[in-house]
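Counting along the sequence shown from 1, when you hit position 120 you're at 141 in the working numbering, and nothing is skipped either side. We put the beta carbon where it would ideally sit given N, CA and C, even for glycine.
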Amino acid sequence: MKRFSDTRALTPRVGFLNCAFKRLSLHCAPRSGGMMCGPNAHSQCCALTLARNVCAEVGMLFRGIWMLRRRYCTGPLLLLGIAVGLFYHTVTMDRDRTEFKSSQRDQMNRSAVFDYKLLLKNPERLLSLLEASQTDFVYHSQRSCAGKAIILTGQHAPTDTEVQLYKRVLQQQGYRVDQARYAETSASLRQDRRDGRDWSVLICLKGSEKSCLRKINFAHPQHQQRVNIIPAFAGVFLDMGGVCRFLTDSQLSGVTLPIRPSACAFSTSPQEGTPNAAEDEWRRPITDSRSGVQSMNATINVYVLVTSATPLTAFVHRTALVKPHLDKTSYATELQVFFRERLGPVLSHKAIEHMNHVISGILKAALLTTKDSSPSPRCQLCFQLMTFSLHYNSSLHPVVVKLQTDLHFDGMKDPHFDGQIAKEYMLEDVLKLLFPACSSEGVEPSLLFRTKEENQKYSDCEGPKDLCLPPDEMHLLQQFNLHLKRPGPFQLLYPTCPLPDDPQHDLIQTESLSAQDYGWRPALVALLQELSLYYTRKHQTESLDDPKSPGASDPRKGRCVDPHLRQLYTDPPMVLMPAFNAWEKEYRAEVPFDVITIRIRPEAVSPHCHIHLDEHRGPRMANYPVGLGNSRINILVMDESEAEPIVMTIYTLYIYRESRPSLPMFDEYVMCSFMQDCGLVVRPDQLCGLEPIPGTRSSEEAQASPRPCLSGDEPGRWVVPCLSCSDNRTCDWREVAWQPDSCYHPLLDQPQLQTCMMGRKVLFIGDSTNRGMMYYLMERVNTTLEDWDKAHDTIVYHNLNQGRTIVSYSYYPQFWLPKAQRPTFQRALQQLLERSRPLENSPQTVLVAGGVQWLNLNHLRTIKQVLEREGLEKIMVVVKSLGMGFHLPVDGIRSLPLNGVQELYNVNKNILESAKHLGYEVIDTLSITMGRYREFLQGRCACHFHEVYKLPFPSSASQRKLKIFRVGGESRNPASVQTGPQEHEEPSSQPDVSYHVKGPVNAVYSEILLSRICVNHAINGTIHQQ
22 MKRFSDTRAL TPRVGFLNCA FKRLSLHCAP RSGGMMCGPN AHSQCCALTL ARNVCAEVGM
82 LFRGIWMLRR RYCTGPLLLL GIAVGLFYHT VTMDRDRTEF KSSQRDQMNR SAVFDYKLLL
142 KNPERLLSLL EASQTDFVYH SQRSCAGKAI ILTGQHAPTD TEVQLYKRVL QQQGYRVDQA
202 RYAETSASLR QDRRDGRDWS VLICLKGSEK SCLRKINFAH PQHQQRVNII PAFAGVFLDM
262 GGVCRFLTDS QLSGVTLPIR PSACAFSTSP QEGTPNAAED EWRRPITDSR SGVQSMNATI
322 NVYVLVTSAT PLTAFVHRTA LVKPHLDKTS YATELQVFFR ERLGPVLSHK AIEHMNHVIS
382 GILKAALLTT KDSSPSPRCQ LCFQLMTFSL HYNSSLHPVV VKLQTDLHFD GMKDPHFDGQ
442 IAKEYMLEDV LKLLFPACSS EGVEPSLLFR TKEENQKYSD CEGPKDLCLP PDEMHLLQQF
502 NLHLKRPGPF QLLYPTCPLP DDPQHDLIQT ESLSAQDYGW RPALVALLQE LSLYYTRKHQ
562 TESLDDPKSP GASDPRKGRC VDPHLRQLYT DPPMVLMPAF NAWEKEYRAE VPFDVITIRI
622 RPEAVSPHCH IHLDEHRGPR MANYPVGLGN SRINILVMDE SEAEPIVMTI YTLYIYRESR
682 PSLPMFDEYV MCSFMQDCGL VVRPDQLCGL EPIPGTRSSE EAQASPRPCL SGDEPGRWVV
742 PCLSCSDNRT CDWREVAWQP DSCYHPLLDQ PQLQTCMMGR KVLFIGDSTN RGMMYYLMER
802 VNTTLEDWDK AHDTIVYHNL NQGRTIVSYS YYPQFWLPKA QRPTFQRALQ QLLERSRPLE
862 NSPQTVLVAG GVQWLNLNHL RTIKQVLERE GLEKIMVVVK SLGMGFHLPV DGIRSLPLNG
922 VQELYNVNKN ILESAKHLGY EVIDTLSITM GRYREFLQGR CACHFHEVYK LPFPSSASQR
982 KLKIFRVGGE SRNPASVQTG PQEHEEPSSQ PDVSYHVKGP VNAVYSEILL SRICVNHAIN
1042 GTIHQQ
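This is the structure in structure tokens:
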């Protein structure tokens, strides 16, 4: 009973298997009439025959076992037999399937060999087949235009310039950019369930390469994806104790490559050094007597884009970095232009051929060393940017002295700024080459369906002239054809025809081909070489048909058809609001207080458009000083194709520079003082920075000055309340004030000032800093400033102090005029005196002379001579001494070095002593401005400490409150100020606009000017300390 029950329990299971295999046998049975295996259906026929035979054998086996199940087999033994049978037939089927696939691949390879050899004889047919199948490739590339780009920052901070550069370039190309440090920490890659199909571009920066190789499945890339790492190059170019890793491979024994063993070592710049014996084998002297042998002594950085490793396809960018022998910096130029200028048209072509040969030979040798190592995942759509530093020494045959797997521009004069711009241009060119232009138009479904059918055509090619390649190889061929068709600024590096005198080509090429053990590779390599040869001949024919040789004409000559900017570069980088767009004309940006210069470099879309900053003849790029508050920079896009340049477009950049960071003053603080900023030490014999003032702990205990100052050049310093004198960030800079060491400058209330100025004529001669003092005086006396102009000639104001005070001004020196046409100081002074007459020969007439740095002892003697000749020797003369300015490296104007700035102190001291010796009043503006040189306002000279701006609404004198500067930099509103309508105005004639002069530094020396003019009124009347 037990055995019977076991047998019955087993019966349903075996019956199920028997039934299933009966069905398989029926399904595999031949159809009526038999099956004829024609040449086109050979593979399908063989597969069905094999499956039919296997099904029949398995069915017969199980029927035999079923017949013997009751007589000999128990249940467990029967199951064991079934398992053994299944295992045997599984092994047999796998062996048959392998043999079948091998025979099928051999037959397809024979067909492919036949096909591609026919296509090699007819390249036009090859191109027509590629064009017909190009739709799917363009479709996938267009899909990537709106895709996602992932940047793995690695060892870079997210705010680093390198990261922001890639981000900006990708965003400008239409990508949505995500950032992560490593692939494992990327949310986009972690959430991806389809092998990374949700992204289009993956950028792996330094430090994240291993993470990329671990995470990304390079063996199954999508057609619309690109990665900036080629797995085959991973570790090949590492430095192994001063030798490139690939050079240590035994397969390269006996091969002499034109590369220094230490080329892969890390260093900031390639070292030229002395060539060794191996290099001498490659160097061959230039035999053409017309060429300049010495001029070829240079190191050139060549930038290479490898678009595929297996098989190798690579391009070289036309821009290179050239460092001539003995020069410290490099400059960017075009490779063809450089060789043509140094060697002429014939030898320059040979030099480029040798350069391409050297680079491609090293790449092939490096790939050769990877064939026997652990198999790297194949990534046909990966790319690698590389920098080859080639050294030329009186020969057309260069030697690679440095090799880097990234773009490097370290040799430029300013690698941080110019190098980043060059890299941005190159990255944009790379993206445009790898991805065709985005198209908003969709691809018709019928075209996609037809393309998918053609992609599968390799499995059953019917004609000998068809292009029979698997999808991956077909896609790579399409990509290469598109790159050759639209190379942009790239030129083909490999594959090209080998040089006839290449001693190493046969060895490396033979080894490389023997390493490929699958049949599609020879066909693909041959087709790539045929495409390369076809386009090379085509370009040569086009260049012969074109009478203008490359570089013969200036690319900047021509009409400016597209007058727009492609980008606005700044250093340090600024966040523009709104984000840059070629069609947006106004931008705003903010910079912190410590940023005092901005380097600006606008780039036009078209090379025919010329860029000038601020004016028609302004520089194309420049360093700009950024004053406190608002600064404005105009960018002119001009067409200079005609005799008269035309301004086509004007962009405006408004930069707001923040004030010095300040903390509010607390109850407990210390008073600190300083004479000069440690950022610019004008007097090396004096301390710089904040120093504590002994005995001053609170505002009530501020040091009281015993007497009024007798001169405007009394020694002094700036004082400011701080929590700690060791940290200027703890100070209340709103309360900073100028304090003489042993006296005080009286501060007049407005009634005193108006009384003092009654019946006076004040004449100003000097530059814009002198003019700023004049406008400050006018506003203080009149309460309002209703008339203002950047006068650069002679002007007279009569409406001051209710018509009882006259102020006149003459600009000197007129530096914008040609030197021969500039009025002399004597002539300018005489014209000012003539325009201001009648003049009284007494202190009621005041002459204020001075400026930034033009005043010298000769001018003082001229003043004395002219006044004596005009009978005005008794008037009051106030000499404004030198001031800070021209100390920043600004393009377009003179700039003083540090020793030149330090020499100003001695010159200024001599001017002050000579002026006082002549009986003139003086104001030491250099000592006042040198400690706060960072607080200049708008102006390229960085010398303006004042700015006149229009108030948001007009107001009458009776509505305006006067702000008077006192100790501590605080403004107060005196209750005793009496204002009223001016005598010579109608009651209804209110000013249409009103202005205000701002600038605390200008206010300090302007108040000293007022105190020296009104010294008698200030001492005899009620005064306030300054």
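7 Å CB neighbourhood of residue i in its chain, flanking five on each side removed
i	result
A62	With a pLDDT of 42 at A62, under the threshold of 50, the predicted position of this residue should be treated as unreliable, though the coordinate-derived value follows. None.
G780	R825, Q865
I667	M659, D660
Residue i versus residue j - alpha carbon distance
i	j	result
H769	L784	The amino acid occupying residue 769 in the given sequence is Leu; His does not appear at that position. About 21 Å.
E942	A178	57 Å
I1029	M799	15 Å
T388	F511	Here the sequence assigns Leu to residue 388, which means Thr is not the residue at that position. Each residue's Cα considered, the two are about 22 Å apart.
K937	I914	32 Å
A603	R641	18 Å
R843	C962	20 Å
G195	A170	10 Å
L139	C400	29 Å
T16	M407	The requested residue 16 does not occur in the structure, where the chain is confined to residues 22 to 1047.
C225	A664	50 Å
Y677	L711	27 Å
P834	D788	7 Å
Burial state of residue i (16 or more Cβ within 10 Å)
i	result
A319	buried
E449	buried
G175	buried
H429	buried
V582	exposed
T391	buried
Where residue i falls: helix, strand or coil (DSSP)
i	result
F501	helix
D431	coil
N820	strand
Q865	coil
M598	strand
Q588	strand
V582	coil
V13	Any question about residue 13 goes unanswered here, given that the chain covers just 22 to 1047.
V1036	helix
L909	coil
E735	coil
I250	coil
Y833	coil
D635	coil
The alpha helix (DSSP H) enclosing residue i, as first and last residue numbers
i	result
P772	771–778
R801	789–803
I383	356–389
D450	441–455
L888	878–890
N655	Segment 650–660 is the beta strand (DSSP E) holding N655; no alpha helix (DSSP H) there.
E205	Taken as a continuous stretch (DSSP letters only), E205 belongs to no alpha helix (DSSP H), as it is neither H nor E.
H938	919–938
Q852	846–857
C225	Not the alpha helix (DSSP H): C225 falls in the beta strand (DSSP E), residues 222–225.
Host beta strand (DSSP E) of residue i (start-end)
i	result
K169	169–173
R755	Premise fails: R755 is in no beta strand (DSSP E) and is neither H nor E.
K901	897–901
Q200	197–201
E183	Where E183 is concerned, there is no enclosing beta strand (DSSP E), although the alpha helix (DSSP H) it sits in stretches over 182–193.
C693	691–695
Same chain, Cβ closer than 6 Å to residue i, five either side skipped, listed in chain order
i	result
F601	L589
V248	L223, C403
I1034	V867
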